[in-house]
Each structure stands twice: as structure tokens, then as C-alpha cells.
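Some notes on the structure that comes next.
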Amino acid sequence: MLKSSLKLIAIGAACVSMSAAQAQQSQQPVIGPAPSFELPDTRTIQLDNGLEATFIDFGLAPKVNISIQVLAGNVFDGEHTYLADIVAGMMEEGAAGETSEDIARAFASMGGDMNVGVGMHTTNFSANVLSEFGPDAIRRMATIIQQPDFPESEFDRLLQNQIRNMTVARSQAGPLATEAYVGLLYGTEHPYGEGLPDVGEMDSFSMDLVRQFHADYFGAARTRIYIAGRFDQSAMEAAIRDAFADWDTGPDTAVPPAAIRPGPVVRLINREGAPQTTIRLGFPAPEIGTDEAISMTVMNALLGGSFTSRLTRNLREDKGWTYSPGSGITNRVGSSYWTFNADIVTEHTVEAFSEIFDEIQTLQLNAPDDAEATGMRNWLSGIFILQNASTGGLIGQISSRDFFGLPDDYLETYVDRINSVSNDDISSAAADYLPLNDMVLVVVGDLDTIEDGIRAFPQLADAEFITDSE
Amino acid sequence: MSNRYFAVLGALALFACSEPAATPETVDSADTQSTVSGLQVDVSYHTLENGLRIVLSEDHSVPTATVAVYYGVGFRNEPRNRTGFAHLFEHLMFQGSENLPKGDFDSLIYGAGGVNNGSTRFDFTNYFEVVPSNALEAIIWAEGDRMRAPIIDQEVLENQQGVVTNEVLVNVINQPYGGWIWIDLPMLANENWHNAHNFYGDLTDLQNADLADVQSFFDTYYAPNNAVIAVVGSFDSDETLAWIEREFGSIPASEPAPPIDISEPRQEEEKFGEMYDRLAPQPALGFGYHMPERGSPEYYAMAVLDQILVQGDDSLLTQRIVNEEGYASGVFGGINLLGNMYNYNGPMLWSVGMIHDDAYSDEEIMATVDSVIEGLRTEPISSEQLDRAITKLRSEFYDIVDSSSRFGLADLLASFALFDDDPSRFNRIEQGFDQVTPELVLATAQEYLRPTNRSVLRVIPDPDGTMSENPSGNGE
Chain A
1 MLKSSLKLIA
11 IGAACVSMSA
21 AQAQQSQQPV
31 IGPAPSFELP
41 DTRTIQLDNG
51 LEATFIDFGL
61 APKVNISIQV
71 LAGNVFDGEH
81 TYLADIVAGM
91 MEEGAAGETS
101 EDIARAFASM
111 GGDMNVGVGM
121 HTTNFSANVL
131 SEFGPDAIRR
141 MATIIQQPDF
151 PESEFDRLLQ
161 NQIRNMTVAR
171 SQAGPLATEA
181 YVGLLYGTEH
191 PYGEGLPDVG
201 EMDSFSMDLV
211 RQFHADYFGA
221 ARTRIYIAGR
231 FDQSAMEAAI
241 RDAFADWDTG
251 PDTAVPPAAI
261 RPGPVVRLIN
271 REGAPQTTIR
281 LGFPAPEIGT
291 DEAISMTVMN
301 ALLGGSFTSR
311 LTRNLREDKG
321 WTYSPGSGIT
331 NRVGSSYWTF
341 NADIVTEHTV
351 EAFSEIFDEI
361 QTLQLNAPDD
371 AEATGMRNWL
381 SGIFILQNAS
391 TGGLIGQISS
401 RDFFGLPDDY
411 LETYVDRINS
421 VSNDDISSAA
431 ADYLPLNDMV
441 LVVVGDLDTI
451 EDGIRAFPQL
461 ADAEFITDSE
Chain B
1 MSNRYFAVLG
11 ALALFACSEP
21 AATPETVDSA
31 DTQSTVSGLQ
41 VDVSYHTLEN
51 GLRIVLSEDH
61 SVPTATVAVY
71 YGVGFRNEPR
81 NRTGFAHLFE
91 HLMFQGSENL
101 PKGDFDSLIY
111 GAGGVNNGST
121 RFDFTNYFEV
131 VPSNALEAII
141 WAEGDRMRAP
151 IIDQEVLENQ
161 QGVVTNEVLV
171 NVINQPYGGW
181 IWIDLPMLAN
191 ENWHNAHNFY
201 GDLTDLQNAD
211 LADVQSFFDT
221 YYAPNNAVIA
231 VVGSFDSDET
241 LAWIEREFGS
251 IPASEPAPPI
261 DISEPRQEEE
271 KFGEMYDRLA
281 PQPALGFGYH
291 MPERGSPEYY
301 AMAVLDQILV
311 QGDDSLLTQR
321 IVNEEGYASG
331 VFGGINLLGN
341 MYNYNGPMLW
351 SVGMIHDDAY
361 SDEEIMATVD
371 SVIEGLRTEP
381 ISSEQLDRAI
391 TKLRSEFYDI
401 VDSSSRFGLA
411 DLLASFALFD
421 DDPSRFNRIE
431 QGFDQVTPEL
441 VLATAQEYLR
451 PTNRSVLRVI
461 PDPDGTMSEN
471 PSGNGE
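Keeping their order, the protein sequence lines are chains A and B. Reminder that position 263 of the first sequence reads as 263 in the working numbering, one-by-one numbering, no gaps. Reminder that position 287 of the second sequence reads as 287 in the working numbering, one-by-one numbering, no gaps.
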């Protein structure tokens with residue numbers, strides 16, 4: 001039996017007869033008012049040594065998500081890019097006489113791994129274990145953080161792992177483009193501008209550097225603990241007090257100040273014969289927490305930060321030149337930046353730039369209509385629920401608020417502030433913060449095919465061009 | 001409740017009778033019910049007269065609803081000269097329908113504060129939305145419109161041929177190690193074309209697809225009797241069921257899709273393959289073993305072996321290769337790399353992969369792997385090892401349920417309805433873990449971790465492209 005309900009418009013002969021049963025059904029149902037959503041209650045304690053812990057009661061399954069965040073991320077690498085990663089790796093290699101295998105088995109028996117993730121600002125020790133093992137997990141994590149053994153026998157292997165990771169990253173267009181891009185924004189002398197270690201840079205790393213980093217950047221007052229899930233709060237608090245109360249406060253070293261640099265500057269990196277061009281295009285953006293940053297958030301969603309954004313509709317859904325374009329805002333201490341990224345088929349790269357510049361200029365000159373703008377405000381309000389509907393999501397949102405020193409009610413008032421951004425505010429944000437004559441642009445691709453076309457854009461007439469081979 | 005719906009128990013009984021005769025013992029089927037243990041979710045299950053299966057599971061902790069529509073068509077079903085077509089068709093289903101022209105479907109969902117996506121896998125193609133609960137009725141209407149009357153013309157076909165080509169470029173062709181372990185290894189390991197073709201698609205096949213292919217594929221597979229809709233989250237089940245019946249109830253059933261034989265013969269000899277990669281800076285090595293039948297005792301024992309061998313920092317291959325030998329930064333793997341151990345229905349591999357230093361040969365590495373695996377094939381594991389593996393499995397299973405989108409739960413409920421006509425199978429997963437014994441693990445390792453049940457694929461760096469003409473490479 002053939003179903004005839006699929007319409008084949010382009011083939012004239014394939015006309016469609018709809019049976020009575022397939023006649024149009026009901027009209028689109030009206031979408032009523034959004035449900036109210038309240039963040040779960042949280043409680044924060046502070047120990048005498050400065051360590052803070054926040055408890056978040058949330059979830060269905062009998063699990064507890066523990067995140068211990070120490071202000072010891074890559075921003076403290078200094079001249080040794082990835083050093084924080086090697087320190088974190090070495091901390092997993094043994095503590096208080098237990099080997100890495102002992103530790104791994106202990107956490108596996110609790111239903112989880114302990115993972116150490118190094119971010120730009122913090123090193124994050126996390127474990128998501130069955131709730132009954134929460135206090136035991138806290139005690140073990142405390143030992144790893146405070147009493148790492150740093151077994152020298154493991155150092156060379158971990159160093160080689162990081163060198164291998166760097167080598168693989170350097171073979172990918174995305175990490176290469178990002179490295180060049182942050183280097184233009186912050187300069188390679190600040191860790192914010194260091195995407196990857198240089199080839200050979202890690203050869204000089206030593207155990208002394210590892211031990212020194214731990215001494216310099218680990219301590220109670222640099223540490224915040226977040227506990228989310230279904231757990232016994234008094235037992236978890238007792239475990240934290242017991243395991244961390246005697247830890248030293250630690251050095252009071254702040255994130256080194258950084259200056260962000262606007263363009264106009266273009267870096268072209270040749271990847272001979274590449275079928276796609278990988279781009280990073282951006283500008284400094286207002287700092288998180290400001291009114292301008294909220295306008296920027298809505299502008300970003302409308303221009304490139306959502307699937308229904310103008311750039312995605314244009315470059316993907318209309319032209320078919322790219323698969324997953326997108327834009328977003330990255331926050332740093334004291335500065336932020338907005339970036340559009342895409343992998344665009346080589347043959348249409350130059351045309352795509354023309355479309356990107358046109359979309360930005362159009363938004364700068366014309367406020368979006370109410371349907372489009374309201375759709376974006378609604379989307380941001382709705383996904384805020386999703387962003388806070390898991391233990392990991394809640395820890396991310398709350399810890400980010402704390403890290404950037406935002407007001408206690410920042411999350412509670414977020415949806416209202418999103419909805420207070422006017423249609424004109426959206427255009428103003430594009431006009432104020434996306435000045436096309438001052439863009440920072442990185443292009444990784446087959447330069448033989450695309451370079452001349454890119455250089456010809458009037459928006460780049462005043463830009464400094466830096467060209468290198470991969 | 002309307003008499004248009006079959007009762008849940010009827011559906012379960014049907015499943016118990018409908019298992020093929022050749023299927024080995026199933027330990028998580030409805031008739032092996034013992035004491036209920038572990039995490040239980042409320043599941044209500046209904047079937048419309050046109051064959052659409054409906055799974056509803058209420059959970060009011062967050063005011064959102066997740067809608068997942070699953071069609072019983074995947075990579076294995078695509079036509080032989082149209083590799084990648086199932087996935088291309090998935091893209092086309094986002095291109096508009098009678099009451100929602102191109103772009104309006106996405107605008108409806110995003111404008112309501114939700115997200116949507118779709119994916120194509122071996123045994124299903126899914127379309128899902130996560131929205132604040134107030135938008136649920138509108139989303140059900142939109143999915144009904146899409147099942148009834150999608151609009152696919154030459155313009156959107158060409159547009160999405162471009163988008164999918166770019167997807168393959170960014171994920172495979174312009175990436176080191178692109179499709180190595182998730183495309184090329186199954187192609188090497190499987191004998192049956194349905195399981196062994198390039199399911200992302202040869203670019204030529206993708207470009208050759210025309211509207212006649214589109215019509216034929218839609219007619220064959222996109223009908224209510226080949227579909228499941230699962231709704232999970234904060235809603236009223238009776239009201240939601242009525243909405244689904246209203247929007248889907250009049251869509252006619254189609255002839256059942258022609259059955260395909262997806263069986264794989266028992267592998268009797270170890271296979272080897274190699275591919276050259278212009279972008280890869282270091283060699284990589286992947287290997288896969290054919291899995292036991294899904295749901296069998298041995299399947300759960302393989303899940304335990306997966307945990308013991310490759311999942312987590314305590315796993316034996318991680319300890320040996322990463323921590324002791326140190327020639328790889330990590331070892332990864334699992335059952336069904338494009339999903340999880342639950343959401344597939346046919347031949348599947350348990351696979352392991354690593355990128356490694358070029359000072360070590362694949363023979364040396366496989367000798368190390370064999371020394372670890374042979375231990376499991378000669379001695380029973382300790383009860384402590386077994387308990388630890390099951391704790392990890394249970395914990396991982398809870399994580400699937402607790403995802404913020406609730407998509408993990410919707411995915412499993414829809415999969416079990418689609419494959420087994422039995423979404424309540426979800427509540428018996430932990431029972432499957434609990435029946436695994438050290439003896440069963442030993443017997444399973446002896447049969448399924450045989451070297452002759454294994455395929456090994458090497459990725460060889462080829463920076464100058466001088467070796468790439470090799471026929472066993474992926475040709476991309």
C-alpha cells in the first residue's frame with residue numbers, strides 16, 4: 001500500500017491525493033503560559049580555613065554528584081602550558097600511600113570514577129557515586145587533594161600522554177583555529193591566549209614544577225565544594241568538616257590580569273587541500289553580569305547561538321554549506337568575547353563570509369521583529385530550566401555564578417532579565433559589540449582557493465594579515 | 001479509557017509469544033519476573049488501531065516534557081546503492097510538513113523554550129523534543145503533522161545533501177581518525193551487507209539520491225505501525241493519550257516493511273584490516289568482538305566484562321596499557337559505540353580503541369591485550385570483581401535515567417517498545433545484572449572473547465598521502 005501523503009512538489013507528475021482520513025487535523029494548539037520553575041534550595045557552609053561547601057538537594061536516582069573546585073586551573077600555568085593538567089594527572093597517581101589502582105577500585109566500588117578536569121580557572125575533582133558512598137567519596141577525594149604522593153615513576157608516562165594529546169590536537173583544524181584565535185585576542189604571553197603547548201615546550205617540565213604548582217595553588221581558601229543529588233546532608237557535612245578542617249588556607253594568589261585586544265586582525269593558516277574551511281570570527285564582549293551582557297546573550301541566540309538563528313538558517317538550512325555553525329560568548333576574569341565558528345565547504349567559503357557579514361550588518365541596522373525576538377527570549381527562558389534540571393547542570397550554573405562573583409539572586413532573576421531585553425537592545429548589542437571593521441578572524445583551510453577572496457572584503461581593508469603554513 | 005488501546009498486559013503477553021524460536025534464553029523478559037528490585041519507573045503502554053505504540057511515563061520533578069518519536073528504520077534498512085540514505089532521510093524530515101512549512105517546526109519548539117533533534121542508528125531513526133510542559137500539546141500536534149504529511153521537494157533535498165556532505169566532511173573526512181572505529185571497524189567485522197556498509201554514506205551515493213528514493217523510503221518505513229511515540233516528564237497521562245490519539249489516530253497504517261535478514265554467521269577466524277590516514281599524527285588500533293544476543297544471560301555477562309576490561313580507571317586494559325605500559329593516553333570502548341548497551345536490536349560489536357605511540361607495533365599491543373583477556377578466559381573472576389562491575393553498571397544505568405533532558409529514559413522506553421513491544425523491560429534491566437555469576441562470565445569470555453571472534457583494525461599515519469591508495473582504507 002502506497003501512502004500518498006508525502007508531497008513531491010518538484011516532480012509535476014507526482015501529484016498528491018489526500019484521503020479523507022488524512023485531511024488536515026486540528027489547528028495548532030495554543031501554547032499556554034510557561035510553567036513556574038524554582039531552583040532547588042541550597043545551603044552553604046564555610047569552614048574556618050576558608051573552604052566553602054554548597055549542598056543542593058535535587059534528583060530522582062539515589063546518586064550524589066560531588067564537585068571539588070580548586071582555583072588552580074590553566075590560568076596559573078605561567079609559561080608552562082598544560083602544567084595544571086600534568087599536576088592533576090599526577091594527583092591521581094597515588095595519595096597517602098594508596099596507588100592509582102587502589103583509588104580507581106575504591107571509586108568503582110562506589111559506582112563511579114573520580115575524574116579530574118582542568119579548566120581555564122579551576123581544577124575540578126568530581127565523582128558521581130551511589131548516595132550511600134557519598135561520605136566515603138569525600139574522604140578519599142580530600143586525601144587525594146591534600147596528600148598526593150606524586151610518584152616520580154609515573155611522571156614521564158603522564159608527560160608523554162600530554163605530549164600525545166597535544167600532537168593529536170595539532171592535527172585537527174578546530175583546536176588549531178582556536179589556538180590562533182585566542183592568541184590574537186589575549187597575546188600568547190597570557191594563559192588566556194595559549195590554546196596548546198608549543199611542540200617541544202613540555203620537554204622541560206619536571207617534578208619540581210609539579211610540586212611547586214601544588215604548593216602554590218592548592219589550599220582550603222581556594223577551594224569550593226558542591227554536592228548535588230539525593231543524599232544525607234548531615235552525613236556529607238560531617239564528612240567535609242572531618243576531611244578538610246585541618247587543611248591549610250593556602251596562598252592568596254589571584255588570577256593574573258589580562259587585557260583583551262580588538263582587531264582588525266586576520267590570521268590565515270594553510271591546510272592544503274582541506275575540503276572545509278574552519279573559521280573563528282569574533283570580538284571582545286561585555287563582561288558577565290552587566291546589563292549589556294544580557295542583551296548580548298539574546299543577540300547571540302538570534303544571530304548564531306541557536307538552531308533557529310539567522311546564521312544557521314542562512315548558511316545551513318538555506319545554502320547547505322556547513323553542518324554545525326554556531327556562536328557563543330566565553331567569559332574570563334575581567335573580560336569576555338563573542339565568537340562565531342563554522343566549518344564551511346571550501347568552494348563556498350568566500351560567499352559564506354559575504355553572508356556572515358551581511359547578517360551582522362542587517363541586525364545592526366534593523367531591530368528584529370517581535371515574533372523572532374520573543375521566540376529567542378522564550379527559548380533562553382525555556383532552556384534555562386533544562387540547564388538546571390540535572391545535578392551536573394546545577395553545579396555548573398551555581399559554581400559559575402560564585403566564580404564570577406555574581407549576585408546571589410543572579411540565577412533566580414535571570415529569566416526576568418532575559419525578558420527585559422528589548423528588540424532594539426538586540427540590534428544595539430550587535431552594533432556596539434560586533435564592529436566588522438575591527439574583527440578578529442582566523443581561517444584554517446586551503447588558502448590557494450580562498451585567500452584572495454577573503455583579502456578582497458572591504459570589511460578587512462584595514463586588517464593586519466598574518467599568514468602561515470600549518 | 002478508550003477501547004482503542006490495548007492493555008499493557010496484553011502487549012507483554014504478545015511479546016512473550018513473539019520471540020523467535022532460535023532466540024536463546026532471555027533473562028529480562030516479562031515471564032522471568034522475580035522479586036522487583038532496583039529503580040522502577042511507572043510506564044503505561046498503549047497501541048492505537050493503526051499500530052502506533054505509545055509509551056507514557058510521568059515524573060513531575062521538573063516542569064518539562066520529552067517527546068520521542070521512533071521509527072523502525074535504520075542503517076541496516078537502507079537500499080544497497082544508497083548508503084547513508086537513512087540518515088539523509090532523517091534530515092529531510094526536518095524540512096517542513098503540511099501545516100508547518102520549512103523552519104516553522106523549529107521555530108515552534110525554540111519559541112516555546114525547547115530543543116529538538118533527531119538521530120539515525122542501526123535499528124531506528126528518532127526525532128525528539130524537550131519542552132516546557134505547556135508546549136506538549138503543540139509538540140504532539142507538530143509530530144503528528146510530520147508523520148502524516150512531510151513536505152520534501154527537490155530544493156530541500158539538494159539543501160540537505162549539502163548539509164549532510166558537510167557533516168561527513170567535518171566528522172570524518174577532515175578529521176584525523178574520522179570514522180575509524182565506529183564506521184570502518186563494523187564494516188570489517190560484519191559479513192552481512194546490512195551491517196557492513198558505510199552507513200554515513202559514500203558521498204556519491206548521497207548525491208545520487210532522488211525524490212523517487214525519498215518517496216519509496218517514506219512509504220515503506222514512515223507509518224504509524226512502524227513507529228513508537230514516548231512521552232516522559234511532567235504531564236497528565238490521560239490528557240496526553242487523548243492528544244496523541246487525536247493527532248495520530250487517523251494516519252493510515254502501511255503494509256509492514258519487508259523483513260530483512262540481518263543475521264551474522266559465527267566468526268571462525270580472526271580478521272585484520274588497515275587504513276591510511278593523511279591527518280593522523282600517531283597510529284591507532286581498534287578491535288571488536290561480536291556480542292551475544294541482546295537480553296541473553298551472556299549479554300549481561302558481556303556487560304560485566306566490558307566494565308572489567310575497559311570502563312573506568314580501574315578497568316584492566318586501562319590499568320595495563322595506560323598506567324603500566326604507558327603507550328596510550330587512554331583506552332576507550334564499549335558495547336554499541338553509537339549508543340549504549342540497550343538501544344540496538346541486532347548484531348553488535350563490543351569494541352575497544354586507542355591512539356598509541358608509534359614505537360609500539362600492533363602485534364605487541366595485541367599480545368598485551370591477549371594476556372589480559374586470556375586471564376578472564378581461564379580463571380573465574382572474584383566475587384569482589386563481579387560486585388564492583390555490577391555496581392558500575394547500575395550507577396551508569398541510573399545516570400541514563402537522570403539526564404536533565406530525560407531523553408535517556410525516553411530513549412530506552414521507546415527502544416524497548418519498538419524492538420520488543422515491551423517498554424517495561426526497562427524495569428527488569430537490573431534483574432539482568434543480578435543473575436550474572438563468575439562462572440557465566442568465564443563461559444561468556446571463552447566463547448565471545450575468542451581471538452577468532454575478533455576483528456582488528458589499524459590506522460596508519462600517512463602524512464604525505466603516498467600510501468592512501470590502499471583498498472582497505474576508507475577511501476576518503
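C-beta: ideal position from N, C-alpha, C; glycine also. Given the structure is predicted, the values throughout are model-derived calculations rather than measurements.
Taking C-beta pairs closer than 8 Å, name the residues in chain B that Thr-167 (chain A) reaches, listed in chain order.
As a position in the first sequence, residue 167 (chain A) is number 167, starting the count at 1. Pro-281 and Gln-282, listed in chain order.
Would Val-459 (chain B) be called buried (16 or more neighbouring beta carbons within 10 Å of its own) or exposed?
Taking the first residue of the second sequence as position 1, residue 459 (chain B) is located at position 459. That one is buried.
Quick one, are the C-beta atoms of Asp-59 (chain B) and Val-41 (chain B) less than 9 Å apart?
Within the second sequence, numbered from 1, the residue matching residue 59 (chain B) stands at position 59. Within the second sequence, numbered from 1, the residue matching residue 41 (chain B) stands at position 41. Yes, Cβ-Cβ distance for Asp-59 (chain B) and Val-41 (chain B) is below 9 Å.
Taking Cβ-Cβ distances below 8 Å as the criterion, which residues of the segment 93-114 of chain A are in contact with chain B?
Against chain B - using a Cβ distance shorter than 8 Å - the residues of the segment 93-114 of chain A are Ser-100, Glu-101, Ile-103, Ala-104, Arg-105, Phe-107, Ala-108, Ser-109, Met-110, Gly-111, Gly-112, Asp-113 and Met-114.
Run through chain A and tell me which residues come within less than 9 Å of Pro-176 (chain B), C-beta to C-beta.
To locate residue 176 (chain B), count along the second sequence from 1; it is residue 176. The contacting residues are Val-168, Ser-171 and Gln-172.
By alpha-carbon positions, which one of A:Val-415, A:Asp-409, A:Trp-321 and A:Ile-383 ends up nearest to Ser-404 (chain B)?
The count along the second sequence starts at 1 and reaches residue 404 (chain B) at position 404. The residue with the shortest Cα to Cα distance from Ser-404 (chain B) is A:Ile-383.
Leaving out five residues before and five after Asn-159 (chain B) in sequence, what residues of the same chain have Cβ atoms less than 7 Å from its Cβ?
Your numbering for residue 159 (chain B) matches position 159 in the second sequence. Taken in chain order, the list of residues that qualify is empty.
Go through its chain and collect everything with a Cβ distance to Thr-35 (chain B)'s Cβ below 6 Å, but skip five positions before and after it.
For the purposes of this step, residue 35 (chain B) is identified with residue 35 of the second sequence, where counting begins at 1. Per-residue confidence for Thr-35 (chain B) stands at a pLDDT of 45, beneath the threshold of 50, marking its modelled position as unreliable; the derived number appears in the next sentence. Answer for Thr-35 (chain B): no residue qualifies.
With distances taken from CA atoms, which of A:Ala-461, A:Gly-134, A:Pro-29 and A:Arg-310 is nearest Gln-361 (chain A)?
Within the first sequence, numbered from 1, the residue matching residue 361 (chain A) stands at position 361. Nearest of A:Ala-461, A:Gly-134, A:Pro-29 and A:Arg-310 to Gln-361 (chain A), Cα basis: A:Arg-310.
Assuming Tyr-221 (chain B) and Asn-77 (chain B) form a contact by the criterion Cβ under 8 Å, report the distance between their Cβ atoms to the nearest whole angstrom.
Counting from one through the second sequence, the residue named residue 221 (chain B) turns up at place 221. Counting from one through the second sequence, the residue named residue 77 (chain B) turns up at place 77. Right, their Cβ atoms sit about 7 Å apart.
Under 8 Å, with one C-beta from each stretch per pair, do the segment 49-69 of chain A and the segment 396-413 of chain A reach the 3-pair mark?
As far as the Cβ criterion goes, the segment 49-69 of chain A touches the segment 396-413 of chain A, which means the pair count is three or higher.
Determine, using beta carbons only, whether Pro-33 (chain A) comes closer than 9 Å to chain B.
The count along the first sequence starts at 1 and reaches residue 33 (chain A) at position 33. Answer yes: the Cβ-Cβ gap between Pro-33 (chain A) and chain B drops below 9 Å somewhere.
With DSSP collapsed to three states, give me the class of Val-116 (chain A).
As a first step, residue 116 (chain A) must be located in the first sequence, where it is residue number 116. Strand, per DSSP.
If you measure from the beta carbon of Ser-67 (chain A) to each beta carbon in chain B, is any gap under 9 Å?
Here residue 67 (chain A) refers to the residue found at position 67 of the first sequence. No - not a single Cβ of chain B is within 9 Å of the one on Ser-67 (chain A).
Express the C-alpha separation of Phe-248 (chain B) and Gln-22 (chain A) in angstroms, rounding to a whole number.
On the first sequence, residue 22 (chain A) is found 22 positions in, with the first residue counted as 1. On the second sequence, residue 248 (chain B) is found 248 positions in, with the first residue counted as 1. Confidence is the limiting factor: at Gln-22 (chain A) the pLDDT is only 46, short of 50, which leaves the residue's position unreliable, though a coordinate-based value still follows. Distance between the alpha carbons of Gln-22 (chain A) and Phe-248 (chain B): 10 Å.
Could you tell me whether the Cβ atoms of Gly-288 (chain B) and Ser-351 (chain B) are closer together than 9 Å?
What you label residue 288 (chain B) is simply residue 288 of the second sequence in a count that begins at 1. What you label residue 351 (chain B) is simply residue 351 of the second sequence in a count that begins at 1. Contact: yes.
Taking the C-alpha atoms as reference points, what is the distance between Ala-108 (chain A) and Ala-242 (chain B)?
Taking the first sequence and counting its residues from 1, the one referred to as residue 108 (chain A) is at position 108. Taking the second sequence and counting its residues from 1, the one referred to as residue 242 (chain B) is at position 242. Cα-Cα distance, rounded: 45 Å.
Are Glu-269 (chain B) and His-290 (chain B) touching if we call contact CB-CB under 9 Å?
Locating residue 269 (chain B) in the second sequence gives position 269, counting from the first residue. Locating residue 290 (chain B) in the second sequence gives position 290, counting from the first residue. Not closer than 9 Å, so no.
Run through chain A and tell me which residues come within less than 7 Å of Glu-167 (chain B), C-beta to C-beta.
In the second sequence, residue 167 (chain B) corresponds to position 167, counting from 1. Going along chain A in sequence order, the residues near Glu-167 (chain B) (Cβ under 7 Å) are Tyr-323.
Which of helix, strand or coil does DSSP assign to Ala-258 (chain A)?
Position 258 of the first sequence, counted from the start, is the residue given in the question as residue 258 (chain A). The answer is coil: DSSP assigns Ala-258 (chain A) none of H, G, I, E or B.
Taking Cβ-Cβ distances shorter than 7 Å, what residues in chain A pair up with Ser-404 (chain B)?
Along the second sequence, read from residue 1 onward, the residue named residue 404 (chain B) stands at position 404. Correct list: Leu-386, Ala-389, Ser-390 and Gly-393.
Which value, in whole angstroms, describes the spacing of the CA atoms of Val-415 (chain A) and Ala-169 (chain A)?
Along the first sequence, one-based indexing puts residue 415 (chain A) at 415. Along the first sequence, one-based indexing puts residue 169 (chain A) at 169. Approximately 37 Å between the Cα atoms of the pair.
Sorted by chain position, which residues of the same chain lie with C-beta nearer than 6 Å to Asn-336 (chain B)'s C-beta, five sequence neighbours on each side aside?
Walking along the second sequence from the start, residue 336 (chain B) turns up at place 336. Same-chain partners within the cutoff: Tyr-344 and Met-348.
Of the choices A:Ala-34, A:Thr-44 and A:Ala-463, whose alpha-carbon is the least far from that of Arg-241 (chain A)?
By 1-based counting over the first sequence, the position of residue 241 (chain A) is 241. Here the closest residue by C-alpha is A:Thr-44.
Check whether chain B comes within 9 Å of Val-129 (chain A), counting only Cβ atoms and requiring the distance to be less than that.
Working through the first sequence from its first residue, we reach residue 129 (chain A) at position 129. Yes - at least one Cβ of chain B is within 9 Å of the one on Val-129 (chain A).
When the Cα of Tyr-181 (chain A) is compared with those of A:Thr-330, A:Leu-386, A:Met-376 and A:Asn-128, which residue comes out closest?
Position 181 of the first sequence, counted from the first residue, corresponds to residue 181 (chain A). Minimum Cα distance to Tyr-181 (chain A) is reached at A:Thr-330.
Where Ile-103 (chain A) and Asn-65 (chain A) are concerned, what is the direct C-alpha to C-alpha distance, given to the nearest angstrom?
On the first sequence, residue 103 (chain A) is found 103 positions in, with the first residue counted as 1. On the first sequence, residue 65 (chain A) is found 65 positions in, with the first residue counted as 1. Taking the straight line joining both Cα atoms gives about 18 Å.
Does Ile-460 (chain B) have its Cβ less than 9 Å from a Cβ in chain A?
The residue given as residue 460 (chain B) occupies position 460 in the second sequence. So no, Ile-460 (chain B) is outside the interface.
Select from the segment 133-146 of chain B all residues with a C-beta closer than 7 Å to any C-beta belonging to chain A, and list them in chain order.
So the close ones are Ser-133, Asn-134, Ala-135, Glu-137, Ala-138, Trp-141 and Gly-144.
Inspect the beta-carbon positions of Leu-338 (chain B) and Val-441 (chain B) and report whether they are closer than 9 Å.
As a first step, residue 338 (chain B) must be located in the second sequence, where it is residue number 338. As a first step, residue 441 (chain B) must be located in the second sequence, where it is residue number 441. It is not a contact, given that the beta carbons lie outside the stated cut-off.
Mind checking which residues open and close the alpha helix (DSSP H) that includes Ala-414 (chain B)?
In the second sequence, residue 414 (chain B) corresponds to position 414, counting from 1. 407-420 is the span of the alpha helix (DSSP H), which, as asked, contains Ala-414 (chain B).
If you follow the beta strand (DSSP E) that Ile-229 (chain B) is in, where does it begin and where does it stop?
For the purposes of this step, residue 229 (chain B) is taken as residue 229 along the second sequence, with counting starting at 1. Where Ile-229 (chain B) is concerned, the enclosing beta strand (DSSP E) stretches over 227-233.
Among A:Leu-209, A:Asn-341, A:Phe-231 and A:His-190, which residue has its Cα nearest to the Cα of Lys-63 (chain A)?
Sequence index remark: in the first sequence, residue 63 (chain A) carries index 63 (1-based). Residue A:Phe-231 is the option with its Cα nearest to Lys-63 (chain A).
How about Tyr-398 (chain B) and Ala-61 (chain A): do their beta carbons lie closer than 9 Å?
Walking along the second sequence from the start, residue 398 (chain B) turns up at place 398. Walking along the first sequence from the start, residue 61 (chain A) turns up at place 61. For Tyr-398 (chain B) and Ala-61 (chain A), yes; Cβs fall inside 9 Å.
Can you check whether the C-beta of Arg-388 (chain B) is within less than 9 Å of a C-beta belonging to chain A?
Numbered from its first residue, the second sequence carries residue 388 (chain B) at position 388. Arg-388 (chain B) counts as touching chain A.
Starting from Arg-481 (chain B), trace the alpha helix (DSSP H) in both directions and tell me its first and last residue.
For residue 481 (chain B) there is no data in the structure shown, the boundaries of chain B being 1 and 476.
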